[in-house]
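Numbering (our numbering), first residue to last: 22 to 151. Let me begin by presenting the structure, written as structure tokens, before commenting on it.
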Amino acid sequence: ELDVSNPHHLFMIMLKTITMMLGELDYERSYFEHPNDQHFNITNLIILLLFAIIMPILLMNLLVGLAIGDLMQIQQNARLKRLATQVQLHTNLEKKLPSKLIQRWTKNEYIVYINKGICNRFSTLFKEVS
22 ELDVSNPHHL FMIMLKTITM MLGELDYERS YFEHPNDQHF NITNLIILLL
72 FAIIMPILLM NLLVGLAIGD LMQIQQNARL KRLATQVQLH TNLEKKLPSK
122 LIQRWTKNEY IVYINKGICN RFSTLFKEVS
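Next comes the structure, spelled out in structure tokens:
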């Protein structure tokens with residue numbers, strides 16, 4: 022049987038230290054004010070100890086998950102804002118340049134080389150190796 026009136030018992034010292042770290046300074050009044058009224062004294066203390074250990078871990082994991090979700094949304098918004106800024110820049114440049122220059126630089130058809138990127142990667146790889 023656990024003697025809750027003994028403040029020097031190891032279990033009571035650990036429980037008091039953990040609850041004080043969580044911010045509860047006077048938990049003894051809530052749990053030990055009337056020791057004869059409590060039927061499951063040890064069970065109550067074990068549940069309190071488990072709650073004091075598990076809840077901060079769960080809450081920190083929840084907060085980390087929320088922060089990561091917010092970072093993904095911020096990155097997506099930044100990417101869209103960058104694209105919008107690039108479109109504005111090109112639109113302003115087209116307005117300020119003479120129309121003859123724009124017609125000269127405008128391409129009506131594009132040539133796509135399918136394997137061009139792969140060949141460049143292999144050639145740079147072989148240059149680094151040799």
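Ideal Cβ placement from N, Cα and C applies to all residues, glycine included.
query                                                                                                                                                                      : result
According to the neighbour-count rule (16 or more other Cβ atoms, all chains shown, within 10 Å of its Cβ), is R84 buried or exposed?                                      : Residue identity check: residue 84 is Leu in the sequence provided, not Arg. With fewer than 16 Cβ atoms within 10 Å of its Cβ, L84 is classed as exposed.
Does the Cβ-Cβ distance between I39 and A88 come in under 7 angstroms?                                                                                                     : no
Does DSSP classify G86 as helix, strand or coil?                                                                                                                           : helix
Which residues in the same chain as P77 place their Cβ atom closer than 6 angstroms to its Cβ, once the five residues preceding and following it in sequence are excluded? : none
Hey, would you say L36 sits closer than 7 angstroms to L70, going by beta carbons?                                                                                         : yes
For E115, which three-state DSSP category applies?                                                                                                                         : helix
Just how far apart, CA to CA, sit R103 and M42?                                                                                                                            : 45 angstroms
Distance check for N129 and L19, CA to CA, integer angstroms please.                                                                                                       : Past the edges of the chain, shown from 22 to 151, lies residue 19, and the structure says nothing about it.
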